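For the sequence shown, the working numbering assigns the number 2 to the initial residue and increments by one for each residue that follows.
Using N, Cα and C, we set each Cβ at its ideal position, and we do this for glycine too.
Note that the structure is predicted; figures quoted are calculated from it, not measured.
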Amino acid sequence: MIVPTRDELVDFISENPNQEINLDSPKGSRKAFGRGEENKVELPFDYGEYPGIINPADNMGWDIIIVPSASETHPNLIPVGHVAYSKDRTDKVGNDKIIIAPDGEYHPEDLEIISDFFHDLAGFEPIRWY
């Protein structure tokens, strides 16, 4: 299924939260976020995708970040925010990362960990929390 926009995805997942997740980069693994293998950073959260819900920006599953206090096994993972690439990363615009949390609830530490992580990475807009 193709879901063309972030807002449509957020609405769909909010109404249908228990979607299949492919966790390709668990907490503690390293990921480059499209900046080349030499720029990998250690993840303080689980990162993956909804393999059955396609983002037309890259024709792959919509990317997700699970808040650090939760895991893919938690039921009812609801969108609580997103991270978007900055406009100067024209090749990545639209390839947003959706932040999800059990029942849409997260701890202040989750917010701080994710915000600190992306604050230090070039090429991203400030996180938008819902």
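- Between Asp47, Gly53, Val42, which lies nearest to Ile14 when the distance is taken from Cα to Cα? Gly53
- Distance, Cα to Cα, Asn23 vs Asn40? 23 Å
- Under a Cβ-count criterion, where at least 16 other Cβ atoms within 10 Å of its own Cβ denotes burial, should Arg31 be classed as buried or exposed? exposed
- Message: Quick check on the DSSP output: the alpha helix (DSSP H) that includes Val4 runs from which residue to which?
- Response: Following the DSSP letters along the chain, one finds Val4 in no alpha helix (DSSP H), marked with neither H nor E.
- What residue range is occupied by the uninterrupted beta strand (DSSP E) comprising Leu78? 78–84
- Message: Given this structure, state the Cα-to-Cα distance separating Lys98 from His108, to the nearest angstrom.
- Response: 19 Å
- Query: By Cβ distance, which residues of its chain are closer than 8 Å to Ile128, with the 5 residues on each side in sequence left out?
  - Reply: Exclusion of the five residues before and after Ile128 leaves Gly82, His83, Val84, Ile100, Ile115, Ser116, Phe119 as the residues of its chain whose Cβ lies within less than 8 Å of its Cβ.
- Bridge-paired residues (DSSP) for Lys32: Val42.
- Compare the beta carbon distance of Asn19 and Pro103 with 9 Å and say whether it is the shorter of the two. no
- Where does Ile128 fall in DSSP's three states? Three-state DSSP puts Ile128 in coil, outside helix and strand.
- State the Cα-Cα distance for the pair Thr74 and Val42, rounded to the nearest angstrom. 24 Å
- Query: Per DSSP, what kind of secondary structure is Ile115 in: helix, strand or coil?
  - Reply: helix
- Message: I'd like to check one pair, Ile66 with Met2: are the Cβ atoms closer than 9 Å?
- Response: No. Outside cutoff.
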